[in-house]
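In this note's numbering, the protein residues as written are 300 to 531.
Every residue, glycine too, gets a C-beta built ideally from N, C-alpha and C.
For reference, the structure discussed in these notes is given below.
Shown next as structure tokens:
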């Protein structure tokens, strides 16, 4: 019995001692440490206040493939002729007419004992008339015989090209205007003393004198020049 009493007293003393000398209430309840709570809050705020991460760099755009532009399509109403050949032959002045369709009428007789001094190129009324070479429109003239006419000087001033019996001039054609080989300058017609039943272009080439007078010059036969035999 005495031994049991001693054990009971020892147990009571041990419980009281643990209560008085052991960890405080906060430790027993498992309270969170303030430092750890503050640390977690600071980390969360830092994550919210931090600038957003830089956007990912986009992949480089491949350079466009360089292609050659398509060659321009000739305009039937503008410059549509190939360049002059190495021999310097003139372009046929009526669109769609070939050299083998030309007739040499240079020496044909005309009224009042005149000689033609030109060739006539037959074509339907309204067919485009083309500049035979580069040059300048020296004179636009409406004459009794030639009707609507164009006098064109070539750049050196040595030759004059004469186009007659035009139905009308090309839009924008004017004296002193620079024209290019193959450019439309007018349209086939029968103005002047030409027959309405046979519209055609009357074409002449003159060798100009030193005075460079558009109405005066030595006529040379256009037929061999336009058919590619002697070049000017």
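- Residue state for residue 470 is assigned as coil, using DSSP reduced to three classes.
- By the Cβ-count criterion, residue 425 is exposed, with fewer than 16 other Cβ atoms from all chains shown falling within 10 Å of its own Cβ.
- When DSSP states are grouped into helix, strand and coil, residue 463 belongs to the strand group.
- In this chain, residue 427 is not harboured by any alpha helix (DSSP H); it is covered by the beta strand (DSSP E) spanning 427-429.
- In the structure shown, residue 451 adopts extended strand secondary structure according to DSSP, grouped into three states.
- Secondary structure note for residue 421: its beta strand (DSSP E) is the uninterrupted segment 418-421.
- In the same chain as residue 495, and ignoring 5 residues on each side of it, the C-beta atoms closer than 7 Å to its own belong to 489, in chain order.
- Distances from the alpha-carbon of residue 522 to those of 507, 473, 508 and 503 put 503 closest.
- Residue pairing by DSSP places residue 440 opposite 448 in a beta bridge.
- Taking 8 Å as the cut-off, the beta carbon of residue 448 is found closer than this to the beta carbon of residue 465.
- Contact between residue 460 and residue 428 is ruled out by a C-beta separation of about 11 Å, above the 8 Å threshold.
- By DSSP's assignment, residue 500 forms a beta bridge with 420.
- Excluding residues up to 5 positions away in sequence, 463, 464, 491 and 501 lie with their Cβ nearer than 7 Å to the Cβ of residue 445 in the same chain.
- In the DSSP assignment, residue 483 falls within the beta strand (DSSP E) that extends over 483-487.
- Counting only residues of its own chain and dropping the five nearest sequence neighbours on each side, residue 438 has a CB closer than 7 Å to the CB of 450, 474 and 513.
- Bounds of the beta strand (DSSP E) holding residue 518 are 517-519.
- Burial check for residue 469: the Cβ neighbour count within 10 Å reaches 16 or more, so the residue is buried.
- If you draw a 10 Å sphere on the C-beta of residue 417, you find 16 or more other C-beta atoms in it, and that means buried.
- In this structure residue 527 does not touch residue 516 by the C-beta definition: roughly 23 Å separates them, more than the 8 Å allowed.
- Rounded to the nearest whole angstrom, the CA to CA distance from residue 407 to residue 479 is 31 Å.
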